[in-house]
Amino acid sequence: MLICDNKSGYSPERLFALASRENNKKRGGLIVNFLQAKHVPAAPADTLALFDRLAEIVADGISEKKVMVIGFAETATAIGAELAARLSDKCDCTYIHTTREKFPEEMRLALFNEEHSHAVEQCLFSDKGLSLFDGIERIIFAEDELTTGKTILNFINALKNTVNCKFSAASIINGMSGENISVYDEIGADLFRLVKTDSSAKVLEQAMEVIPEEDGYFDIDSIPEELTMRMSAEYDPRLGIDGGEYEKYCESFVRQEFERMKPYLTGSTVDVIGTEECMYPAIKLAEYLNSKGYKALCHATTRSPIVPSRAEGYPLFSRYRVRSVYDDERRTFIYNLYECDHRIKVIG
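Counting from 3, one number per residue, gives the positions in the sequence shown under the numbering used here.
Written out as structure tokens, the structure is:
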């Protein structure tokens with residue numbers, strides 16, 4: 003994959019590597035971002051710095067006073083949250099992310115399909131109804147990586163008869179072809195990104211040939227309640243919330259929870275585990291722990307089945323099956339677990 007432009011502040015080798023999806027005939031390859039705090043444990047300072055660089059580019063490219071950021075579940079919920087928080091420094095910014103979780107049907111604002119995913123259906127819900135879009139001048143979709151851009155186009159088509167505003171897409175990596183970019187140009191949708199690669203669709207079509215590792219099992223229930231942070235449903239980004247308020251809530255709640263957990267954190271190294279769509283609060287907790295002298299990394303469980311391998315240069319060396327904290331029947335995973343003094347799980 004050829005890097006055409008890189009504004010991330012990190013070398014490509016530091017930022018991402020290719021992996022293989024398991025049993026996905028639509029798209030066999032996957033870009034694993036080392037700094038996103040999803041599949042690979044990451045230092046929260048690096049994660050937030052990466053997201054903030056993207057936010058700076060978006061902020062410089064828009065002039066509207068009332069905007070909305072829509073993050074994509076699962077992997078881009080934290081990107082969207084940090085983007086909305088930084089945009090709230092200059093304008094009125096609402097944050098909401100898509101979800102595969104179940105909410106009352108009367109709260110559904112949009113239903114659309116994700117082109118390449120193992121679980122294609124995504125929804126947007128709000129207890130505020132369509133009033134959530136009142137006065138919105140621009141919607142910015144937040145993603146980790148754009149390969150063809152078709153998923154966001156599906157979303158725009160699902161919303162365009164409901165919302166009269168400009169549309170944009172912001173991503174860490176953009177691998178769209180010139181043909182796909184021209185579709186966005188035709189509808190006047192801006193594309194913001196940190197890294198531009200040549201067309202990545204062909205690269206990601208086929209899975210890499212690697213010798214897979216055997217699955218392990220991680221008992222998430224072995225993390226005691228004393229080291230479990232449960233977010234309040236009152237501040238649920240799945241339903242829409244002010245971007246600045248959500249950041250302030252997360253930071254305040256993290257400080258409160260740290261005081262509760264502190265007696266149990268007798269060691270120095272901490273693995274903070276977000277759960278599925280709940281990523282941003284885990285990153286903020288890990289950031290706060292580091293400010294208090296701990297050595298904390300963060301990552302998250304995921305529905306995505308990715309092949310693990312010990313092959314040289316391959317990003318995911320281990321995979322563990324995990325009981326979903328949201329649905330006992332759901333198959334989820336965590337990758338690259340490492341030895342540490344404590345693990346904290348974050349549920350929201």
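Glycine included, each C-beta is placed from N, C-alpha and C at the ideal position.
Fair warning: this is a prediction, and the values are worked out from it, not measured in the lab.
Beta-carbon spacing of residue i, residue j below 7 Å
i	j	result
R140	E66	yes
S306	V212	no
G276	A284	yes
V69	L85	no
A233	G350	In the sequence under discussion, the amino acid at residue 233 is Met, which differs from the Ala named in the question. Closer than 7 Å, so yes.
P163	F114	In the sequence as presented, Pro is not what sits at residue 163; that position holds Asn. Going by C-beta atoms, N163 is not nearer than 7 Å to F114.
S179	S201	yes
Y369	A160	Residue coverage of the chain in this structure runs from 3 to 350, which leaves residue 369 outside it and unanswerable.
T271	K297	yes
P239	Y251	no
K286	V256	yes
G1	N182	The chain is shown only over 3 to 350; residue 1 falls outside these bounds and no answer can be derived.
A44	L32	no
One or two residues paired with residue i in a DSSP bridge
i	result
H301	I275
M231	V348
V34	A19
I174	According to DSSP, I174 bridges with nothing at all.
L318	DSSP output for L318 lists no bridge partner at all.
P214	S311
K68	D94
A112	L126
N8	V197
K40	DSSP output for K40 lists no bridge partner at all.
F169	I141
G242	DSSP lists no partner for G242.
N- and C-terminal bounds of the beta strand (DSSP E) containing residue i
i	result
C95	D94 to H99
A86	Counting along the chain, A86 falls outside any beta strand (DSSP E), though it belongs to the alpha helix (DSSP H) covering T79 to L89.
R333	R333 to Y337
I59	That residue, I59, is in no beta strand (DSSP E); its alpha helix (DSSP H) goes P46 to G63.
I141	R140 to L148
V197	D192 to T199
N25	From DSSP, N25 is part of no beta strand (DSSP E); its letter is neither H nor E.
Presumed contact (8 Å Cβ cut-off) between residue i and residue j, rounded CB distance
i	j	result
V42	N338	5 Å
M3	T199	5 Å
R55	L196	6 Å
I336	L229	About 16 Å; that fails the 8 Å criterion.
P317	F36	7 Å
A57	P46	Actually they do not touch by this definition, with Cβ atoms about 16 Å apart.
Opening and closing residue of the alpha helix (DSSP H) in which residue i lies
i	result
R184	The identity of residue 184 in the sequence shown is Ser, whereas the question assumes Arg. Taken as a continuous stretch (DSSP letters only), the alpha helix (DSSP H) holding S184 covers G180 to E188.
C252	G245 to M263
T153	K152 to L161
N292	Y282 to S293
query: Taking contact to mean at least 3 C-beta pairs separated by less than 8 Å, is the segment 31-50 in contact with the segment 325-332?
result: no
message: Any contact between the segment 169-187 and the segment 136-156? By contact I mean 3 or more CB pairs, one from each, below 8 Å.
response: yes
- prompt: Quick one: any contact between the segment 128-135 and the segment 58-65, if contact means 3 or more CB pairs under 8 Å?
  reply: no
message: Does the segment 92-112 come into contact with the segment 235-245, if we say contact requires no fewer than three beta-carbon pairs (one atom in each stretch) closer than 8 Å?
response: yes
message: Taking 8 Å as the cut-off, does the segment 218-235 touch the segment 74-84 (at least 3 CB pairs, one atom from each stretch)?
response: no
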